[in-house]
Amino acid sequence: MARKQKRFEQVAAAADNKEAVRYQDPIQSQVNKKLEDVGKKFEGKGRTLLYGLGAFVVVLILVGIFYSYNRRSTGAAQTALGKAIETSQARVTDQPVPAGSTDKTFKTEKERADAAIVEFQAVIDKFGGAAGEKALYFIAVTKLMSDRGAGIAEIESIAKGSSDTAKLAKFALAQTRADDGKFDEAAAIYQELAAMPDAVVAKDTINFNLAKVYEKQGKKQEAIDLYFNIAKSAAEAKDADGKALPLTETARDAKDKVTELAPDKAKEIPESTPESPFGN
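For the sequence shown, our numbering assigns the number 7 to the initial residue and increments by one for each residue that follows.
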């Protein structure tokens with residue numbers, strides 16, 4: 007399926023794909039790789055591409071963000087939830103699985119989504135609680151791949167709460183609103199998230215997406231200001247020893263956007279040159 011790039015700093019460093027399966031890191035690894043692969047080659051391909059593309063990107067982003075805030079657990083509920091997430095991210099292909107492979111594959115995205123939803127529902131039925139709440143959320147975002155209208159409706163319902171899962175749902179809802187061209191609604195949700203003391207999703211991620219919406223609304227200066235603040239703050243950030251920190255992917259993207267939209271202002275962003283760990 008066509009894919010478009012969006013990587014967030016919340017997605018943790020990936021474990022080697024060849025490691026024995028653990029139900030957090032392998033998914034993070036898959037998400038990282040897929041987000042990196044989502045190419046600029048699909049920019050400007052039109053609205054027909056955008057609908058399916060938007061669902062794919064939202065699901066990948068939200069899986070990554072989920073792992074950034076979720077506390078690691080080895081409990082049965084967490085393991086079951088992890089297996090369901092693994093199913094939701096399984097490869098879609100019409101090619102036969104190589105002999106000896108234990109990887110799950112599906113012939114269509116809908117087939118994969120339907121299988122994952124069954125597993126998420128089993129988590130809800132068997133365990134309930136926090137794992138069940140997260141499973142309900144994943145059912146909603148997974149439905150974006152198979153029944154977009156139903157998925158959005160469920161995301162809207164979850165987003166009415168105040169839990170961490172509800173905050174993730176708000177972010178997902180903002181993504182879908184932007185994909186649908188409802189930029190005023192998307193901006194309002196991003197602004198609400200940005201104002202929260204703990205929105206789960208990193209503030210730079212929220213503000214970067216808000217800046218993109220501002221661009222769509224024709225609010226060029228507001229977009230430039232947000233991009234600039236993200237890039238400048240990151241470039242000036244220091245660690246506990248006073249050493250410069252490397253720019254995050256979001257900060258680098260924000261700096262690129264300032265350079266594109268306001269080249270002179272981009273010169274005000276200091277160069278970030280982290281020291282070598284070898285002391286050179």
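We put the beta carbon where it would ideally sit given N, CA and C, even for glycine. Keep in mind the model is a prediction, meaning the values are calculated, not measured.
- Item | Segment contact flag, the stretch 96 to 106 with the stretch 129 to 149, C-beta cutoff 8 Å, min 3 pairs | no
**Asked** Can you list, in chain order, the residues of its chain whose CB lies under 7 Å from that of Ile195, leaving out five sequence neighbours each side?
**Response** Lys176, Leu179, Ala180 and Arg183
CB of Gly237 within 8 Å of CB of Ala200, strictly
First, the amino acid is wrong: residue 237 is Ala here, not Gly. Not a contact, by the Cβ cut-off of 8 Å.
#### Entry: Identified DSSP bridge partners for Phe112
Val98
Practice item. Only counting runs of 4 or more residues, tell me where the alpha helix (DSSP H) segments fall wholly within the stretch 174 to 234, in order along the chain. Key: 189 to 200 and 209 to 223
For the alpha helix (DSSP H) containing Thr256, name the first residue and the last one.
Glu255 to Leu267
Spatial distance of Leu174 from Leu142 (CA atoms): 12 Å
**Prompt:** Which residues share a DSSP beta bridge with Ala250?
**Reply:** Lys244
- Message: Nearest by alpha-carbon distance to Met202: which of Ala172, Glu255, Ser163 and Lys188 is it?
- Response: Ala172
Original post:
Among the residues of its own chain, which have a CB less than 6 Å from the CB of Ile230, if the five just before and after it don't count?
Top reply: Leu267 and Ala268
Answer yes or no: do Leu232 and Ala243 have a C-beta to C-beta separation smaller than 8 Å? no
Review point. Do Phe112 and Val98 have their C-beta atoms within less than 8 Å of each other?
Key: yes
Please report the distance separating the alpha-carbon of Glu255 from that of Ala159.
31 Å
Contact defined as beta carbons within less than 8 Å: I believe Lys149 pairs with Ala156. What is the distance between those atoms, to the nearest angstrom?
5 Å
- prompt: Is Leu150 helix, strand or coil when you go by DSSP?
  reply: coil
> By DSSP, does Ser163 sit in helix, in strand, or in coil?
Replying inline: helix
Next on the checklist: Less than 8 Å between C-beta atoms, sequence neighbours within five positions excluded: which residues of the same chain meet that for Ile164?
Outcome noted: Leu142, Tyr143, Ala146, Thr171, Ala172 and Ala175
Residues in the same chain with beta-carbon distance under 7 Å from Ser168, minus the five sequence neighbours each way, listed in chain order, please. none
task: Can you tell me which of the three DSSP states Phe126 falls into?
output: helix
Could you give the distance in angstroms between the alpha-carbon of Lys222 and the alpha-carbon of Ile212? 16 Å
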